[in-house]
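Structure, as structure tokens:
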Amino acid sequence: MSKVTLEKKKLSYYKIYEQLFDDPWIPVYHIAQNTSLSRNTVSSYMEEMYQQKILTGPMLKIKTASDYREYVYLLNFEDPISVFQGLQDFPHVLYHALTFGTWNTLIITDMMLDFSQLLGYQQCIMRGMIYSCSLPKPHYIPWKEAFKKINDTLLHIEVKKESSSMGKTRYLNWKADEWKLFHAFAPDVRKKVTPLLKTLKVAYDSYWNWRCNLKNSCACILGFYPEGYSSYTNHSFLLSSQHVSVLSSLISFFPVTTQILEIDNRLLITIPVPSSDIARSIFCTIYDLKIKHIIHSVSHAQIIRECSHNPISLINDID
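Just so you know, we're using the working numbering here: the sequence shown kicks off at 2 and counts up by one.
So this is what it looks like as structure tokens:
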């Protein structure tokens, strides 16, 4: 395949992603109309995107509620590899990773746990409740241009203190049918509805009412990785900042999906990085953000291995 043809296909991939980002339930024929592609091409490209892990989702992630909360732990252990292996079937652990940096273990749970009792525990860098999770829509531009846009923006930016997401949380209060629907559709909201409802023995009206109210209770998680997820190395940055929307806007210039977790008064931002050169530029950008007082303290770890116990808790899951 020629370079021109490959770039054209990648642009089509991004256009399909854009449609799904705006409406996770959009029918294929509407994607075809909006992208000027044939229905067969859209279906074929979507299959390729999923196979190559260029596209992940759309999946559902429950928003913080009075009766549902998730917690993040950044920890150090004497033997992190053994801990990583031991957490595979650990109750209430949704996701865990072996990392290299300021912390060597990252864990996400659905209830508060005391990991200091585990063998070889050394230190807790940070633990806290997740108040929000966002995946800004990336731009379809080269990395070099992305860094230029960020630098140009920083030259003229005026930052103001923002209100935190740590406000009053609502009560989820789901009944049995709503939990059935969530667990059925969480890994893939685009599943065929009718046969699944028959299996679940849930009425279509109940499904439709649940779906119409989903924005209040769930976030729809959709990832875009132009080179395929396995081509990237995830770098996590723990930042102290009161400028979430500014950071989200700047990060969206990157041509790949990034994840922002707001935890108490800090942010955990995970950026998929395709090369060491790009990694260096990202570190320089982080330094510039600190000079501009957009962020204050910063620490970092690179994800070496990761495991999702629940597909809704991870941008993407790899072995």
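From the three backbone atoms N, C-alpha and C, an ideal C-beta is built for every residue, glycine too. From a predicted model like this one, the values you see are computed outputs, not experimental measurements.
Query                                                                                                     : Result
Beta-carbon proximity check, Leu136 vs Thr42, cutoff 8 Å                                                  : no
Residues near Tyr15 by beta carbon distance below 8 Å, same chain, minus five either side                 : Tyr141, Phe225 and Pro227
Beta-ladder partner(s) of Gly129, from DSSP                                                               : Val73
Tyr96 vs Ile82 beta-carbon contact at 8 Å                                                                 : no
For Arg191, the three-state DSSP class (helix, strand or coil)                                            : coil
Nearest-angstrom beta carbon gap, Arg191 and Pro59 [assumed within contact, 8 Å]                          : 7 Å
Unbroken stretches of the alpha helix (DSSP H), 4 residues or longer, contained in the region 9–92        : 29–36, 40–52 and 81–87
Contact under 8 Å by Cβ, Ser133 with Asp178                                                               : no
The region 6–20 contacting the region 47–65, beta-carbon criterion three pairs below 8 Å                  : yes
Whole-angstrom distance between His31 and His297, CA atom to CA atom                                      : 45 Å
Burial state of Tyr205 (16 or more Cβ within 10 Å)                                                        : exposed
Span separating the alpha-carbon of Ser232 from that of Phe254                                            : 19 Å
Which listed residue (Gly102, Met130 and Ile27) has its alpha carbon closest to that of Lys1              : Nothing in the structure corresponds to residue 1, since the chain is present only between 2 and 320.
Secondary structure, beta strand (DSSP E): runs of 3+ residues fully inside the region 234–260            : 234–241
Backbone secondary structure at Asn317 - three-state DSSP                                                 : Only weak support is given to the placement of Asn317: the predicted model assigns it a pLDDT of 34, under 50, and the question is left unresolved by the model.
Three-state secondary structure assigned by DSSP to Arg267                                                : strand
Spatial distance of Arg267 from Gln34 (CA atoms)                                                          : 42 Å
Cβ-Cβ distance between Leu45 and Val29 below 8 Å                                                          : The amino acid occupying residue 45 in the given sequence is Ser; Leu does not appear at that position. The answer is no: Cβ separation not under 8 Å.
Residues that Tyr96 bridges to, as DSSP identifies them                                                   : Ile109 and Ser309
Among Ser309, Phe186, Glu146 and Glu307, the one whose alpha carbon lies nearest that of Ile279           : Glu146
Leu173 (DSSP reduced to helix, strand or coil)                                                            : coil
Counterpart residues of Pro273 in DSSP-defined beta bridges                                               : Asn235
Three-way DSSP call (helix, strand, coil) for Ile279 in this model                                        : helix
Minimum C-alpha distance to Ser37 - residue among Cys285, Tyr74, Trp209 and Leu12                         : Leu12
Heavy atom of the ligand HEM within 7 Å of Trp26 beta-carbon                                              : No copy of the ligand HEM occurs in the structure displayed, which carries no ligand at all.
N-terminal and C-terminal residue of the alpha helix (DSSP H) that Ala1 is part of                        : Nothing can be reported for residue 1, as the shown portion of the chain is limited to 2 through 320.
Limits of the alpha helix (DSSP H) - the one that Ile151 falls within                                     : Trp144 to His157
For Leu223, the first and last residue of its enclosing beta strand (DSSP E)                              : Cys219 to Phe225
Buried versus exposed call for Tyr288 [16 or more other C-beta atoms within 10 Å across all chains shown] : exposed
Where His301 falls: helix, strand or coil (DSSP)                                                          : strand
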